[in-house]
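The structure appears below as structure tokens.
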Amino acid sequence: MSVFNGTDETSEHTMTGTLVNAAAIIAGGLIGLCLQKGIQERFKATIMQAISLTVILIGIRSALNASDLLEVIVCMALGSLIGEAMGIEDRIEAMGRLVEKRYSRSSNGGFARGLVTASLVFCVGSMAIVGSLESGLTGSHETLFAKSLLDGITSVVFASTFGSGVIFSAVPVMIYQGAITLGASMLKPFLTGDVIAQMSGVGGLLIAAIGINMLEVARIKIGNMLPAIFLPLVYFMVVQLF
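Under UniProt numbering, residue 242 is the last one in the sequence shown; the count climbs by one each step, no gaps.
Structure follows, in structure tokens:
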């Protein structure tokens, strides 16, 4: 992938990939809202189950990128402790309820659920991380363009099931991926292939967990595990210092 081919050139349009990604989510969400009454519940349920299984598969494939299993275990455990202490998932859900109260007339909680579920699906994973790094370091947006297509299709189904909250997930996607893109140049000395593989491996586990939550097999607090994704980078920086 071009992030690691030694190219140091950057583009003044480094945010293009993230903006296209957000636009695809909004467009897909609007289409999904139009189809809310046109898709029978049994079809929605089956489609969601199919996508859930696909999400689990994507997560497993990404998780297999990690070469150091012990590091992944430590990062997951420590990251979960940090996230639990910060109450990340509660804060995300509170933000969803706040936006719902302000912009939605519905009070059944579907808006918040759609915002949280879509945000986690679109933000967590190797494509979001690697694609944003690629945009920031080389100005190439190919990975994020591919992610935009996948997210756009997924948002159609999500919006037809969860409602308008899915559209607002474009905001955390822009913030999350934009921050990684803009910060890539400052972290450039630390972004080795091994670090990205470990980050993608941890992210893959969280993607698989998202799929499990979507199937309603269990209730995993994925939001509180998000810090684990960045701990391989922290570990590498500490090792380099000592």
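Glycine included, each C-beta is placed from N, C-alpha and C at the ideal position.
So what's residue i in DSSP terms, helix, strand or just coil?
i                 : result
valine 217        : coil
leucine 154       : Here the sequence assigns threonine to residue 154, which means leucine is not the residue at that position. Note: threonine 154 maps to helix in three-state DSSP.
serine 67         : coil
serine 169        : coil
glycine 139       : coil
methionine 174    : helix
serine 15         : Looking at the sequence itself, residue 15 is methionine, so the reference to serine does not match. In the structure shown, methionine 15 sits in coil (DSSP, three-state: anything other than H, G, I, E or B).
glycine 163       : coil
phenylalanine 230 : helix
threonine 192     : coil
Expressed to the nearest angstrom, what Euclidean distance is found between the alpha-carbon atoms of residue i and residue j?
i             : j                 : result
tyrosine 176  : phenylalanine 122 : 10 Å
proline 224   : glycine 165       : For the sequence presented, residue 224 should be read as asparagine rather than proline. Approximately 20 Å between the Cα atoms of the pair.
histidine 141 : threonine 16      : 7 Å
leucine 144   : threonine 18      : 7 Å
alanine 218   : alanine 209       : 9 Å
glycine 204   : methionine 76     : 11 Å
glutamine 40  : threonine 161     : 10 Å
valine 74     : isoleucine 220    : 18 Å
Look at the Cβ atom of residue i, then the Cβ atom of residue j, and state whether they are nearer than 9 Å.
i              : j            : result
alanine 159    : leucine 33   : yes
alanine 112    : glutamate 93 : yes
leucine 120    : leucine 206  : yes
alanine 179    : glycine 83   : no
valine 55      : serine 148   : no
glutamine 36   : glycine 193  : no
isoleucine 222 : serine 52    : no
**Prompt:** Hey, is the region 196-215 in contact with the region 115-130, meaning 3+ C-beta pairs nearer than 8 Å?
**Reply:** In this structure the region 196-215 lies against the region 115-130, because at least three pairs of beta carbons, one per stretch, are closer than 8 Å.
**Message:** I'd like the ranges of any alpha helix (DSSP H) spanning at least 4 consecutive residues and lying wholly in the region 106-136.
**Reply:** Runs found: 110-123.
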